[in-house]
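**Student:** Numbering (the UniProt record's numbering), first residue to last: 1 to 496. Virtual Cβ for every residue (Gly too), placed ideally from N, Cα, C. So that we are looking at the same thing, I have put the structure below in structure tokens.
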Amino acid sequence: MKFALIYQNDTAAFLPELFLAISILVVLLYGSFLGVSAASLYTYLTPSMVRLTSTILFLSFFLVLNNPVESQTLWNAIFVTDNIGTWSKLIVFLGLLFCVSVSESYMFSARFRAYEFFVFIIGIGLSLCLLISSYDLLSIYLSMEFLSLIFYVLAAWKKNSYFSAEAGLKYFILGSIASIFFLFGASLIYFAMGTTNLGSLTLLTENLSTLSPFIYLGLVCVVSALLFKIGAAPYHMWIADVYEGAPTLVGFIFAVIPKFAFFVVILRLSFMSFWSFFPSLWENFFCMCGLFSLFVGCICGLGEIKIKRLLAFSSVGHVGFLCLGLASGNIEGIQAVLFYLLIYMLTAAFLWIYILYLDLSSTSGSALLTFSDSIGLIRANPLMGFGVALMIFSLAGIPPFGGFFAKLNIFVSLIDSSFFIVAIFVVITSVISAFYYIRLIKIFYFEKNKNWFFFTPLSKGAALVLVLSGLTIIFFMLSPNIFYLLTYKIGLGLMF
Numbered sequence: 001m002k003f004a005l006i007y008q009n010d011t012a013a014f015l016p017e018l019f020l021a022i023s024i025l026v027v028l029l030y031g032s033f034l035g036v037s038a039a040s041l042y043t044y045l046t047p048s049m050v051r052l053t054s055t056i057l058f059l060s061f062f063l064v065l066n067n068p069v070e071s072q073t074l075w076n077a078i079f080v081t082d083n084i085g086t087w088s089k090l091i092v093f094l095g096l097l098f099c100v101s102v103s104e105s106y107m108f109s110a111r112f113r114a115y116e117f118f119v120f121i122i123g124i125g126l127s128l129c130l131l132i133s134s135y136d137l138l139s140i141y142l143s144m145e146f147l148s149l150i151f152y153v154l155a156a157w158k159k160n161s162y163f164s165a166e167a168g169l170k171y172f173i174l175g176s177i178a179s180i181f182f183l184f185g186a187s188l189i190y191f192a193m194g195t196t197n198l199g200s201l202t203l204l205t206e207n208l209s210t211l212s213p214f215i216y217l218g219l220v221c222v223v224s225a226l227l228f229k230i231g232a233a234p235y236h237m238w239i240a241d242v243y244e245g246a247p248t249l250v251g252f253i254f255a256v257i258p259k260f261a262f263f264v265v266i267l268r269l270s271f272m273s274f275w276s277f278f279p280s281l282w283e284n285f286f287c288m289c290g291l292f293s294l295f296v297g298c299i300c301g302l303g304e305i306k307i308k309r310l311l312a313f314s315s316v317g318h319v320g321f322l323c324l325g326l327a328s329g330n331i332e333g334i335q336a337v338l339f340y341l342l343i344y345m346l347t348a349a350f351l352w353i354y355i356l357y358l359d360l361s362s363t364s365g366s367a368l369l370t371f372s373d374s375i376g377l378i379r380a381n382p383l384m385g386f387g388v389a390l391m392i393f394s395l396a397g398i399p400p401f402g403g404f405f406a407k408l409n410i411f412v413s414l415i416d417s418s419f420f421i422v423a424i425f426v427v428i429t430s431v432i433s434a435f436y437y438i439r440l441i442k443i444f445y446f447e448k449n450k451n452w453f454f455f456t457p458l459s460k461g462a463a464l465v466l467v468l469s470g471l472t473i474i475f476f477m478l479s480p481n482i483f484y485l486l487t488y489k490i491g492l493g494l495m496f
């Protein structure tokens, strides 16, 4: 009885995660029992699985939103619930709902009929919630591995595709190396400090006058493993091959959903637990990663002719912006990073839905979509082509779209921190990367297609996601304050 009373509050705060864990078993049983009859009767199981998964994600969203416990550590300080965690979980569930909304029509057309995919979707939600709430290096590692195991399977989902098998194998090998780095770094931190709890590490490092080199090496290994998972240079070697080789729906998940959660963990490590290391370690480390990512993103994208690989290198460049926002070391930098993540997620969702339907419309019979597959989009679907063009302008940072203000925030935070040379480099790389974005616009509007181009009609779910994300980015100027205030409030909750 006493045990139940002690952990009663922890259970109430952990209700969304418990609900998701039970939901995985429910969906697995539901699919297992109905799968046999569906196969024998040649019926289609996916619509009912989409409805069930969407309901579970909606209920999880509201459970997080109405969490009765505002801010405290849980389960012997292994997990924590706070303001940044709550908002990050809501954004993750929003991204997963986007994915489920567009999955039905894609899975029907691509003959992608395994109900286990929806089990993995809920598993991704659970693992990201655990990762966001993690308050110990061990719980961070276990949550990260839970997510990685799902991603390894999804990357190699197309069993008959050489490219999908290569993507899954490459991601598995490099991801395993990243996990080894994380464990090695965590063991070094434990060796030097005697604990892996982030709250305890905050107290221990607050007034340290002399720092052990083991802590420096351990932190570099831990954060390098986290940066690998989001594709920052020089840990980006897997990203283009995985985006290209994995099924397009899986590429959508990789590009849109996990980045927010991993940046929350990096923010917890750098701005909470090891804040005293900022001038000596974090400033230089994040600056180097950010500059290298920007350089790789703008140079490697110039010669690409495949759309998925182009978006992969574009993602590396955007992660470079985010790393530079972390390097500024102030509340404006945190706010700029969170704001950039939100705008990037909405823009990437729009563009990946376009790629999803371009994949279904492609007559070449190959999943390796090139720029030439886009020729004729303006004639076949002028409104969709115009929307994609505006999203590309937003990614390039052209005003007055949301992407411009996201980059402007990073730029202002760098100027406030007196990183003038870095800010000049950011502007130069942005101008260079704008070339390959504008080249796509040129192909849309000015290239002539000899054959008639048919663009697959959008489903209701895909149309809804496009409208929500597109209008938010395009008409950002009309009500920007809600995004600024939200990200600033989340940043303040992290700092204090």
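1) What are the boundary residues of the alpha helix (DSSP H) that T205 is part of?
2) Per DSSP, T81 is paired with what?
3) Taking DSSP as the reference, what is the three-state secondary structure of S161?
4) Enumerate, from N- to C-terminal direction, the unbroken alpha helix (DSSP H) stretches of 4 or more residues contained entirely within the region 340 to 382.
5) What is the rounded straight-line gap between the Cα of G297 and the Cα of L322?
6) Given that a residue counts as buried once 16 or more other Cβ atoms are within 10 Å of its Cβ, and exposed if not, what is S133?
7) Per DSSP, K306 is paired with what?
8) In three-state DSSP terms, what is S134?
9) Quick one: grab the DSSP three-state call for L34.
10) Quick one: grab the DSSP three-state call for Y488.
11) Which residue wins for smallest C-alpha separation from S361, given the options I56, G493 and F454?
12) From which residue to which residue does the alpha helix (DSSP H) around P47 run?
13) Please classify V422: is it buried, with 16 or more other beta-carbons within 10 angstroms of its beta-carbon, or exposed?
14) Return the chain-ordered ranges of every alpha helix (DSSP H) run that is complete within the region 187 to 264 and spans a minimum of 4 residues.
15) Looking only at its own chain, which residues have a Cβ that is under 7 angstroms from the Cβ of F278, when we skip the five neighbours before and after it?
16) Can you name, in chain order, every residue of its own chain whose Cβ lies under 7 angstroms from the Cβ of M1, other than the five neighbours on each side?
17) If you count every other CB in all the chains shown that lies within 10 Å of the CB of S433, and 16 or more means buried, which is it?
18) Would I355 and I428 be called neighbours here (beta carbons separated by less than 8 angstroms)?
19) Just the C-alpha distance for residue 568 and L128, rounded to the nearest angstrom, thanks.
20) Can you grab the Cα-Cα spacing for the pair Y42 / Y235, in whole Å?
21) Would L115 pass as a contact of L59 if the rule is Cβ separation under 8 angstroms?
22) If you draw a straight line from the C-alpha of L291 to the C-alpha of L478, how long is it?
23) Evaluate contact between the region 467 to 486 and the region 382 to 395, counting only Cβ atoms and requiring at least three cross-stretch pairs below 8 angstroms.
24) What first and last residue would you give for the alpha helix (DSSP H) that runs through S433?
25) Is I398 helix, strand or coil when you go by DSSP?
26) From L94 to A261, what does the alpha carbon distance come to, in whole angstroms?
27) Considering L464, what are the terminal residues of the alpha helix (DSSP H) in which it resides?
28) Excluding the 5 residues flanking M49 on each side, which residues of the same chain have their C-beta closer than 6 angstroms to its C-beta?
29) Among V220, L217 and M193, which residue has its Cα nearest to the Cα of L208?
30) Looking at C-alpha atoms only, which residue of V412, A21 and V100 is the closest neighbour of G123?
31) Between L458, F182 and N381, which lies nearest to S103 when the distance is taken from Cα to Cα?
32) Hey, is the region 410 to 418 in contact with the region 342 to 349, meaning 3+ C-beta pairs nearer than 8 angstroms?
33) Thinking F163 and G85 are a contact (beta carbons under 8 angstroms), I'd like their distance in whole angstroms, please.
34) For Y243, count the other beta carbons within 10 Å of its own beta carbon; 16 or more makes it buried, fewer makes it exposed. Which is it?
35) Around the C-beta of F401, are 16 or more other C-beta atoms found within 10 angstroms, so that it is buried, or is it exposed?
36) From what residue to what residue does the alpha helix (DSSP H) around N284 run?
**Tutor:** Working from what's here:
1) L198 to T205
2) Q72
3) coil
4) 377 to 380
5) 13 angstroms
6) buried
7) T370
8) strand
9) helix
10) helix
11) F454
12) T46 to L65
13) buried
14) 198 to 205, 213 to 230, 239 to 245 and 248 to 256
15) G329
16) Since pLDDT at M1 reaches only 49, below the 50 mark, its modelled position is unreliable, and no value is offered.
17) buried
18) no
19) With the chain represented from 1 up to 496, any question about residue 568 goes unanswered, as that position is not in the structure.
20) Per-residue confidence for Y42 stands at a pLDDT of 48, beneath the threshold of 50, marking its modelled position as unreliable; no derived number is given.
21) Correcting the residue identity first, residue 115 is Tyr in this sequence and not Leu. It is not a contact, given that the beta carbons lie outside the stated cut-off.
22) 32 angstroms
23) yes
24) F420 to F446
25) coil
26) 13 angstroms
27) K460 to I474
28) Y115 and F118
29) M193
30) A21
31) L458
32) no
33) The pair is not a contact, with the Cβ atoms about 37 angstroms apart (cut-off 8 angstroms).
34) buried
35) buried
36) E283 to C300
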